[in-house]
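Heads up, this note's numbering is the position in the sequence shown plus 14, with the first residue counted as 1. Glycine included, every Cβ here is placed at the ideal spot set by N, Cα and C.
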Amino acid sequence: MRLVTLRTNDLTVAARLTSDTEAVVIPGFPDVGTLLADPQWRDIAAAAAGSAVRVNRADLAPVVPRPGKIICVGLNYAKHIDEMGHDRPDVPTLFVKFADALIGPYDDAVVPSFNAETLDFEGELAVVIGSRARHVAEEDAGACIAGYSIINDYTQRGYQYRTQQWHQGKSLEATAGFGPWLDTQWAPGPALETTLNGERMQYSPTDDLVFSPAALVSFISHLYPLNPGDVIATGTPEGVGHARTPKRYLGNGDTVRVEIEGLGHIENTTRVV
């Protein structure tokens with residue numbers, strides 16, 4: 015089952031895709047996040063049976079527009095750890111991104127000129143929580159996952175590395191593409207590919223993680239509860255622009271596409287204003 019948040023005039027609605035270009039609206043839910051908050055969300059989504067509506071790329075909002083939490087994981091692919099010059103961690107490296115950073119899967123990332131230096135891409139697998147997780151064991155954590163999506167942990171490296179805390183470089187307003195849908199049946203394994211203006215930058219299996227989605231849910235749930243609609247960005251593979259020689263930062267008009275087999279793709283163009 016693939017769930018989306020659709021833009022309709024000035025509002026949004028939750029919907030279930032019936033094909034790549036059509037969906038049925040799930041009545042009573044303005045977005046996928048509010049749908050997941052209902053304990054019966056799976057049955058409600060599956061039962062939706064209204065008239066099919068056409069889905070265009072511009073209609074797709076961030077699949078969960080306002081997550082209560084967006085927890086990002088750094089240093090979770092071994093080769094990316096090496097390229098960034100870090101040691102492999104014993105526990106997940108966590109930081110947060112605010113919901114203000116999210117944009118739709120095909121929206122432009124609009125960046126003020128004063129923030130437009132050292133912009134970078136990080137294609138990532140996103141885990142979306144479907145039921146409350148608090149103090150859960152790793153073997154039980156999978157039951158708390160609603161499904162998976164794609165996110166670009168769009169980054170301003172200059173801000174990120176001014177201090178040892180990464181958040182300030184990781185939450186630029188309206189830059190992080192998220193979607194195109196939430197897939198409730200997909201499982202990690204297929205490859206993630208990130209391209210910049212059509213050139214491959216990143217490529218890695220999505221199960222080649224130091225900390226698996228279940229391990230992340232379990233670890234985080236022992237720090238604070240994870241609630242339906244919360245999002246975990248699981249980390250990025252090697253190939254980011256900052257680690258290249260010469261460095262490959264994003265400029266006006268650059269288009270980043272992140273694709274995961276079975277999860278579709280997102281595609282966002284940077285616009286410097």
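* Asked: What first and last residue would you give for the beta strand (DSSP E) that runs through F192?
  -> For F192, the enclosing beta strand (DSSP E) has its first and last residue at A190 to D197.
Over the uninterrupted alpha helix (DSSP H) stretch that includes R56, give me the two end residues. According to the DSSP assignment, R56 belongs to the alpha helix (DSSP H) that extends over W55 to A61.
| request: Can you tell me which of H94, G193, D222 and A29 puts its alpha carbon nearest to the alpha carbon of E252? | output: Measuring from the Cα of E252, the nearest candidate turns out to be H94.
query: Between I234, T220 and A29, which lies nearest to V110 when the distance is taken from Cα to Cα?
result: Ranking I234, T220 and A29 by Cα distance to V110 puts I234 first.
- Query: Applying the criterion that 16 or more other CB atoms from any shown protein chain within 10 Å of the CB defines a buried residue, is F225 buried or exposed?
  - Reply: Answer is buried; the Cβ neighbour count reaches 16.
Once DSSP output is grouped into helix, strand and coil, what is the label at S163?
Of the three classes helix, strand and coil, the one that applies to S163 here is strand, per DSSP.
- Query: If you count every other CB in all the chains shown that lies within 10 Å of the CB of E207, and 16 or more means buried, which is it?
  - Reply: Taking a 10 Å sphere around the C-beta of E207, we find 16 or more other C-beta atoms and assign the residue as buried.
Own chain partners of D101 with C-beta closer than 8 Å, once the 5 adjacent residues on each side are dropped:
Here the set comprises I95.
I'd like to check one pair, T220 with P242: are the Cβ atoms closer than 8 Å?
No, Cβ-Cβ distance for P242 and T220 is not below 8 Å.
I need the DSSP call for T26, collapsed to helix, strand or coil.
Strand at T26.
If the criterion is Cβ atoms closer than 8 Å, does the pair V231 and A147 meet it?
Taking 8 Å as the Cβ cut-off, V231 and A147 qualify as a contacting pair.
### Query
Where does F109 sit, in a helix, a strand or coil, going by DSSP?
Of the three classes helix, strand and coil, the one that applies to F109 here is strand, per DSSP.
- Where Q174 and E152 are concerned, what is the direct C-alpha to C-alpha distance, given to the nearest angstrom? Rounded to the nearest angstrom, the two C-alpha atoms are 31 Å apart.
Check: Considering L139, what are the terminal residues of the beta strand (DSSP E) in which it resides?
Finding: It spans G137 to I143 - the beta strand (DSSP E) in which L139 sits, taken as one unbroken run.
Tell me whether R68 is buried or exposed, calling it buried when 16 or more other Cβ atoms sit within 10 Å of its Cβ.
Burial state of R68 is exposed, judged by a 10 Å Cβ sphere holding fewer than 16 other Cβ atoms.
Practice task
Check whether the Cβ atoms of L50 and A157 sit closer than 8 Å, and answer yes or no.
Solution key: In this structure, L50 sits away from A157, with a CB-CB distance that is not shorter than 8 Å.
Q. Nearest to T269 by CA position, among E36, E136, G255 and T209, is which residue?
A. Checked all of E36, E136, G255 and T209; the closest Cα to T269 is T209.
Applying the 10 Å Cβ sphere with the 16-neighbour rule, what's the burial state of R16?
The Cβ neighbour count for R16, taken over all protein chains shown within 10 Å, is at least 16; the residue is labelled buried.
**Request:** Spell out the partners DSSP gives T35 in its beta bridges.
**Result:** Partner(s): none; T35 has no beta bridge.
*Does DSSP put P227 in a helix, a strand or coil?*
DSSP, read as helix, strand or coil, puts P227 in helix.
- Tell me L264's beta-bridge partners as DSSP assigns them. Beta-bridge pairing links L264 to L133.
- When you compare each of A62, K261 and V245 to V77 by their alpha carbons, which one comes out closest? Considering only alpha carbons, the answer is V245.
* Asked: So, are the CB atoms of V87 and A247 less than 8 Å apart?
  -> Contact annotation: V87 and A247 have beta-carbon atoms nearer than 8 Å.
query: Buried or exposed: where does H279 fall if 16 or more other Cβ atoms within 10 Å of its Cβ makes it buried?
result: It counts as buried.
query = With distances taken between CB atoms, is the gap from R272 to S127 smaller than 8 Å?
reply = Reading the sequence as shown, one finds Val at residue 272 and not Arg. The answer is no: Cβ separation not under 8 Å.
For this session: Take Q182 as the anchor and find which of I58, N129, A75 and V46 has the nearest alpha-carbon.
Result: Nearest C-alpha to Q182: N129.
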